[in-house]
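Undergrad:
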Amino acid sequence: MRSMLRLWALTGVLAACTGCGSGDPEAIHRSTLTLDTHVDIDPEYATPAQDPLNADIQVNLEKMTAGGLDAAFFIVYVGQTERTPVNYARAQADALAKFDAIHRKTESLYPDRIGLAYRADDIGHLIEESKLAAAIGIENGYVIGTGLGLLDSYYELGARYMTLVHNGHNDIADSASPREGLGDAPVEHDGVSEFGAAVIRRMNELGIMVDISHGSKQTALDAIELSAAPVIASHSGVRALGDHVRNLDDETLLALRDNGGVVQIVAFDLYLNVRPPEYFEARNALRDSLGLEGFVEPTRLDEPTRTEYLAGIAELDARWAPADVSSLVDHIDYAVELIGIDHVGISSDFGGGGGIVGWSDAADTANVTAELVSRGYDAEAIEKIWSGNLLRVWREVEAVAERL
Ligand SMILES: [Zn+2]
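Residue numbering for the sequence shown follows the working numbering, beginning at 1 and increasing consecutively.
(1) Report the three-state DSSP secondary structure of Gln50 (helix, strand or coil).
(2) Pairing CB atoms from the segment 317–327 with CB atoms from the segment 363–378, are three or more of them under 8 Å?
(3) Please indicate yes or no: does the CB of Gly191 lie closer than 8 Å to some heavy atom of ligand 1?
(4) Run the CB neighbour count on Asp302, radius 10 Å, all protein chains shown included, and call it buried at 16 or more, exposed below.
(5) Starting from Arg163 and walking both ways along the beta strand (DSSP E), at which residues does that stretch end?
(6) Can you name, in chain order, every residue of its own chain whose Cβ lies under 7 Å from the Cβ of Leu206, other than the five neighbours on each side?
(7) Could you tell me the alpha carbon to alpha carbon distance between Tyr110 and Asp317, rounded to whole angstroms?
(8) Note the first and the last residue of the continuous alpha helix (DSSP H) segment covering Phe280.
(9) Below 8 Å on the Cβ atoms is my guess for His331 versus Gly215; work out the distance and round it to an integer in Å.
(10) Tell me whether Val86 is buried or exposed, calling it buried when 16 or more other Cβ atoms sit within 10 Å of its Cβ.
(11) So, His343 versus Leu253, is the Cβ gap smaller than 9 Å?
(12) Should Gly237 be listed as close to ligand 1, given that the test is whether its C-beta is under 8 Å from any heavy atom?
(13) Closer than 8 Å: is that where the CB of Glu139 sits relative to any heavy atom of ligand 1?
(14) Between the segment 120–136 and the segment 162–178, are three or more C-beta pairs nearer than 8 Å?
(15) Under the assumption that Glu139 contacts His166 (Cβ atoms under 8 Å), give the Cβ distance between them as a whole number of angstroms.
(16) Taking the Cβ atom as the reference point for each residue, do Ser234 and Thr81 lie within a distance shorter than 9 Å?
(17) On the three-state DSSP scale, how would you describe Gly137?
(18) In angstroms, rounded to a whole number, what distance separates the CA positions of Leu14 and Ile385?
(19) Please return the same chain residues whose Cβ sits closer than 7 Å to the Cβ of Asp184, not counting the five positions on each side in sequence.
(20) Find out if the Cβ-Cβ distance for the pair Leu61, Ile346 is shorter than 9 Å.
(21) Below 9 Å between beta carbons: does that hold for Tyr279 and Trp320?
(22) Per DSSP, Trp359 forms a beta bridge with which residues?
(23) Compute the minimum distance between the beta carbon of Tyr77 and the heavy atoms of ligand 1, and state whether it is under 8 Å.
(24) Taking the alpha-carbon positions, what's the Val397 to Leu391 distance?
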């Protein structure tokens, strides 16, 4: 029955879903194909140290099943470092290790529960087989080094989108977050470089979606201009509601719409609900008091430190409210209002700092659908937001690749 409902949803015949017409959130959630475009994985993912089935991480197979999260892009992320030959080689090795981990999960560990999608239509086929679906996105084009050859290898391994840049400029494009520590000037290429233009061309030829998240505004506008196919923002918010460099302003969102692309609004607390400087001062003081540095992932702390850290964060949250599912849907509403229902989707950034009150891991996914229903979105609109728009873009990217 469940898979039949899915099949109807996939073919757009939502009338066949009992309860969808009357706006029953549970029925709509069950009948909707849900796809999260950004789930980060740890270096030890799919090793004995971290079982993708039930490890204490925000997205595991049990939580996906429990929360009705059908599909996710798992991310081959490598952080920016100084651009030296040694570091390029290391970035490539780190990327390959993450590809291997995702393949181990879908091919040797749990092939009966989750499969890897190489084409947009594979997602629906896997769901019809009562499996979960995984796809692969690369975060930071740095991992291709200084030539185009590795793009082909990564495509073969399943990469179907690539975020051009991360925190810190690379050879492809300027970042929204230059890193002085790496010697970054505020602007290096003024958007996408000449090499970056060649990278985008090759991505179009192969059928890899171009991802503008993390890029500077000029990078985003250049990428939209240069790409022969629609582009995505795999995990970003809306600048008008949160003045953060990782959020897209109206001009960029409108350009994305005109290009046929999609913005996947991200459940990232500090982008959805931007805090005043005092908040960050207090948070840094908390980190210093516990001897912690940089990005803190609570699940990776030892027990006493974790307890103390979380208690400190709870105090901060009492003063400055964290983002919740309602904040996420505020950003979705704004984007839908500005660029239309066909250009907006959802991502979590789980494993990479994502997670908000009400959607703190994959098991909570139905809460997002319930909030969309309460805002008046019908089953058809929710299907578009949860997966339809992204899959349409993916199919268009495949079609452009075939034509080129
Ligand atoms: Zn990111």
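Heads up, the beta-carbon is just placed ideally off N, CA and C, and yes, glycines get one too.
TA: With the structure as the only source:
(1) Correct three-state label for Gln50: strand.
(2) A contact exists between the segment 317–327 and the segment 363–378.
(3) Not under cutoff, so the answer is no.
(4) Around the CB of Asp302, fewer than 16 other CB atoms lie within 10 Å, so the residue is classed as exposed.
(5) In the sequence under discussion, the amino acid at residue 163 is Thr, which differs from the Arg named in the question. Counted as a single uninterrupted DSSP element, the beta strand (DSSP E) harbouring Thr163 occupies residues 159–163.
(6) The residues are Leu151, Asp152, Tyr155, Ala401.
(7) Straight-line Cα distance between these residues: approximately 38 Å.
(8) Segment 277–290, the alpha helix (DSSP H) holding Phe280.
(9) The pair is not a contact, with the Cβ atoms about 18 Å apart (cut-off 8 Å).
(10) Answer is exposed; the Cβ neighbour count stays below 16.
(11) Their beta carbons are under 9 Å apart, which means His343 touches Leu253 by this criterion.
(12) Short note on Gly237: C-beta not closer than 8 Å to any heavy atom of ligand 1.
(13) Glu139 has its Cβ nearer than 8 Å to a heavy atom of ligand 1.
(14) Short answer: they don't touch.
(15) Indeed, because the Cβ distance is near 6 Å, the residues count as touching under 8 Å.
(16) It is not a contact, given that the beta carbons lie outside the stated cut-off.
(17) DSSP places Gly137 in strand when its eight states are reduced to three.
(18) Its pLDDT being 48, under 50, Leu14 is placed unreliably in this model, and the value from its coordinates should be taken loosely. Between Leu14 and Ile385, the C-alpha separation is close to 15 Å.
(19) The answer, listed in chain order, is Gly168, His169, Pro178.
(20) Not a contact, by the Cβ cut-off of 9 Å.
(21) Yes, Cβ-Cβ distance for Tyr279 and Trp320 is below 9 Å.
(22) DSSP, once it has assigned bridges, lists Ile356 as partnering Trp359.
(23) Remark: the C-beta of Tyr77 is in contact range of ligand 1, defined as less than 8 Å to any heavy atom.
(24) Answer to the nearest angstrom: the Cα atoms are 10 Å apart.
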